Amino acid sequence: MIKKICMIVMFLAVAVTAARNSSCKDVLDNSLTRPPSGIYILEDSHGFQYQTYCDMLTNMGGWTLIASVHENNAQDNGRCTKGDRWSSEQGSSSLQPRAENWMNQNTFGNVISATADDFKSPGYFDIKAKNLMIWQVPNDTPLDNWRQASYMRYRTETDFFDYFNGNLYSLYKHFLPIVSRQYSWPADNGPQIPVVFDEGSGGDLVSHFGPTTKQYLTPGYIQFRALSSQHDVFAMCPGVKISESFSNAQFACFGSTGYNYNAKYCGDFAGWTYNGYGTHTTWSVDKYLIETTFLLFYR
Amino acid sequence: MIKKICMIVMFLAVAVTAARNSSCKDVLDNSLTRPPSGIYILEDSHGFQYQTYCDMLTNMGGWTLIASVHENNAQDNGRCTKGDRWSSEQGSSSLQPRAENWMNQNTFGNVISATADDFKSPGYFDIKAKNLMIWQVPNDTPLDNWRQASYMRYRTETDFFDYFNGNLYSLYKHFLPIVSRQYSWPADNGPQIPVVFDEGSGGDLVSHFGPTTKQYLTPGYIQFRALSSQHDVFAMCPGVKISESFSNAQFACFGSTGYNYNAKYCGDFAGWTYNGYGTHTTWSVDKYLIETTFLLFYR
Amino acid sequence: MIKKICMIVMFLAVAVTAARNSSCKDVLDNSLTRPPSGIYILEDSHGFQYQTYCDMLTNMGGWTLIASVHENNAQDNGRCTKGDRWSSEQGSSSLQPRAENWMNQNTFGNVISATADDFKSPGYFDIKAKNLMIWQVPNDTPLDNWRQASYMRYRTETDFFDYFNGNLYSLYKHFLPIVSRQYSWPADNGPQIPVVFDEGSGGDLVSHFGPTTKQYLTPGYIQFRALSSQHDVFAMCPGVKISESFSNAQFACFGSTGYNYNAKYCGDFAGWTYNGYGTHTTWSVDKYLIETTFLLFYR
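Chains as they are written, first to last, in our numbering: chain A, 3 to 301; chain B, 3 to 301; chain C, 3 to 301.
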């Protein structure tokens, strides 16, 4: 009996020691049965331990939350100010042509607060992944309700990260830098990667954007590095691609630089409130979308 | 002998596994003897682990530090700017009528630095508690000296959180939102919950406020959602309740919104420096109080 | 066999329990063989656990990374704004005469992101050390490449911290406060502590500073609390001492207060871009130095 107990203790000790997971995919692969969705401790390639959320349900699971894009203030006094980590916290200025946090190894926020503030974990640049998933969740939804509250969930399935060294950090730093006034429109628009929807539909997604914007959008894609004809540059268009003739990516994409043709395009959510906050007129998105957090997952 | 050792190892392994404490009350309840005050690792309801301070002395212990309110700059250039997380970091503006961080699941700061900067732990919204305790500690006091350096310590003992779903998050989000220009003065002033003092006296506490303010204050309470006659709204009046005829809650309470009648009322410490920084004239508090951090505990 | 296994388990359990290291020196001293450089979990004197980087190579190892000084925006719109934690994030103002974060127990940032943003760990004020080491590393260098990418590495070896209570916190708080307009120039300039170079040379270091600045610098030292003739005060001159006749410490030292004779001297990197960003003309440093992170270690 004691021998058996000792064997079990040994087994447990080894199991704990062995549990060095660098991603939720590792957690899944190292488990005998499907583990539940929730908080896990991961360890990056430097041995740094951090906590993040794993989605273990979508398409067999193994998805790691690596960032959230949250707009803390899309009103006129909030453009490219405190809290706009995915664009500029240094104001709207020709001196801020780069959207640095897409391209560097900075981290901020807390997984627990990912729908209440911006979040960027070490996984953003540390994990080597193949696909990207996005969940759209109303702001300040508690973690336990993220999945249920998400009104849009979509993901790539073409292993497109294989072409960009495995993650968004590398994609933006080495392939598609987010730098204003550097590119030719529309020739330098970035790739449009197809997605499948697990929740919500493309038609519904598009309907949240401005009534005038809608005609230029095709759902079922994630577009990277979208340009405007005025040479502004935006990191990502969530769930949609923009038509080549669309000169105003600021109304459909997020993550501006700090240097834009119009200061009203500056911010984590770019020009989404150009015709008023949540008014859903002309170029403005509706109130539901402006108060949405985008959760970004890798697998 | 070996058998015994193995039994002990097993016991230790089980004990470690079992030690899932969601609050300092749990730590206390799960200990055979009274554990010391200090840093503990807690685990919230999502399985997220975080460190905070437990006070294991006051009234039999079990108090969890869940937040600190620290004013980093109460001078004219610091009103509702960077560091004013309990009011507005987006300036003084009619576009900022809500004091969001009292009502959301954001987190910030570090328990170790709780008297040097604002702190908000997951416990603020995760722990279900019955009572609130406040310690007033001079800024930048090291953790080991908090208790000794606290010149005021007081707490509720009426289990008032039972009526507000167990914590400040729920109290402010669901019952008493801190939103400017929404309420009638004085009818909508929030509840005044009695406290007992463990350190310091009500008379001493009141003497730190402005000489003109004092007459309107009754110590021995914590007042929530205090209003001014100009429809400004403040989260909490520490250790005092304000008289119904007092139209200037900004001089006795902390946690303003970003939208106030006078920009000089904007900030974590509201209008406490209205007649100069630490001057202790008319409405201004003294230097000791303006350089105090308020540590908030649940049990 | 089983007995042996149990003994090993016991030994492991004890070893894990015993591994309470408050610094990388402790990690080294508690190891039988030289541990590798990398991330370790330390525990401060309050029992608070945190992760930081240990350099186990330089001069027999045992060096703890306790802070990084990173300039996020040295352009005209970035002086003493968001991200200038080692000077002022409250603008350039006579109301900000103190460089608080050198003198308090605040913490910020993340070891993983130490070359992408400012970092200040509990070790800054918790560890009792004897010597200071500085590495100069290009911004956004990943942790695994820090050592290789560092073009300057130098350290004191005189145990000078013995005279200042063991760390920078104590040095600045109790002996050499960084407060503007308090001192006589040049009499109150702080101590100049000799360093040895492990990588790079004094001549090379000096060559990165402004062509006009160079003549006033002697490499092979770290100078603390450097003054300008206009009564501005700077925390540290890295790798150099300034000559007594040098009235412009703002061009060679980092860590200004928020209150300077000229707003262009305000910022984590003080006046290093006075004659343009990275122009290397007159007083301006070159582009390489302005995009350098200073990693600070204790032993």
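Even glycine gets a Cβ: it sits at the ideal position worked out from N, Cα and C. Note that the structure is a prediction, hence the values are computed from the model and not measured.
Neighbour list for A265(A) in chain B, Cβ cutoff strictly below 9 Å: Chain B residues near A265(A): none, gap ~15 Å exceeds 9 Å.
7 Å Cβ cut-off: residues of chain B touching P144(A): What P144(A) touches in chain B: Q107.
Extent of the continuous beta strand (DSSP E) run through Y42(C): 40 to 45
Beta carbon proximity, D270(B) to chain C, threshold 9 Å: Output row for D270(B): interface = no.
Assigned secondary structure, G125(A) (DSSP; H/G/I helix, E/B strand, else coil): helix
Contact list for K84(C) against chain B, beta-carbon separation under 9 Å: K84, listed in chain order.
C-alpha distance - F271(B) paired with V71(B), whole-angstrom precision: 9 Å
Assumed close pair Y300(C), G192(C) - CB separation to whole angstroms, cut-off 8 Å: 18 Å between Cβ atoms; not a contact.
Neighbourhood of A118(A) by C-beta distance below 6 Å, restricted to the same chain and skipping five residues each side: D142
Meets three-Cβ-pair contact criterion under 8 Å: the segment 190 to 206 of chain B and the segment 152 to 164 of chain B: yes
Beta-carbon neighbours of V113(C), restricted to chain A and to distances below 8 Å: Chain A residues near V113(C): F50.
Chain C within 9 Å of E2(A), Cβ atoms only: With chain A covering only 3 through 301, there is no way to say anything about residue 2(A).
DSSP bridge partner residues for V235(C) (one or two, in chain order): L229(C)
Q252(A) beta carbon less than 9 Å from that of S286(A): no
Distance, G269(C) Cα to F121(C) Cα: F121(C) and G269(C) have their C-alpha atoms some 16 Å from each other.
Assigned secondary structure, K289(B) (DSSP; H/G/I helix, E/B strand, else coil): helix
Sub-9 Å separation of T1(B) and S245(B) beta-carbons: Because chain B here runs from 3 to 301, residue 1(B) falls outside it and cannot be looked at.
Own chain residues within Cβ distance below 7 Å of R22(A), not counting five before or after: E45
Helix, strand or coil at S172(B) [DSSP, three-state]: If DSSP states are grouped into helix, strand and coil, S172(B) belongs with the helices.
Separation of T284(B) from G212(B), as counted between CA atoms: 5 Å
Cross-chain neighbours of S172(A) in chain C, by beta carbon under 9 Å: None at all; the shortest Cβ gap to chain C is about 12 Å.
Residues sharing a beta bridge with V242(C), DSSP: P221(C)
Closer than 9 Å to chain A by CB, N103(C): no
Touch test, the segment 31 to 51 of chain C against the segment 92 to 99 of chain C, Cβ-Cβ under 8 Å, three pairs minimum: The segment 31 to 51 of chain C vs the segment 92 to 99 of chain C: no contact.
Meets three-Cβ-pair contact criterion under 8 Å: the segment 100 to 115 of chain C and the segment 171 to 190 of chain C: Result yes; three or more Cβ-Cβ pairs closer than 8 Å.
Cutoff 9 Å: N75(B) Cβ touching any chain C Cβ: yes
Under the three-state DSSP convention, the category L97(C) falls into: coil
Bridge partner(s) assigned by DSSP for Q138(C): M154(C), F296(C)
D161(C) burial status per 10 Å Cβ neighbour count (16 or more: buried): exposed
N- and C-terminal bounds of the beta strand (DSSP E) containing C56(A): 51 to 57
Straight-line Cα distance separating Y218(C) from A69(A): 47 Å
Exposed unless 16 or more other CB atoms sit within 10 angstroms - verdict on M62(C): exposed
S70(B) - containing beta strand (DSSP E), residue span: 65 to 71
Where N32(A) falls, given that 16 or more other Cβ within 10 Å makes a residue buried: exposed
Contact set between I41(C) and chain A, taken where Cβ atoms lie within less than 7 Å: H48, G49, F50
Reference E178(B), options D206(B), L145(B), Q225(B), V139(B), closest by Cα: One point to set straight first is that residue 178(B) is Leu, not Glu, in the sequence displayed. The candidate whose alpha carbon is nearest that of L178(B) is Q225(B).
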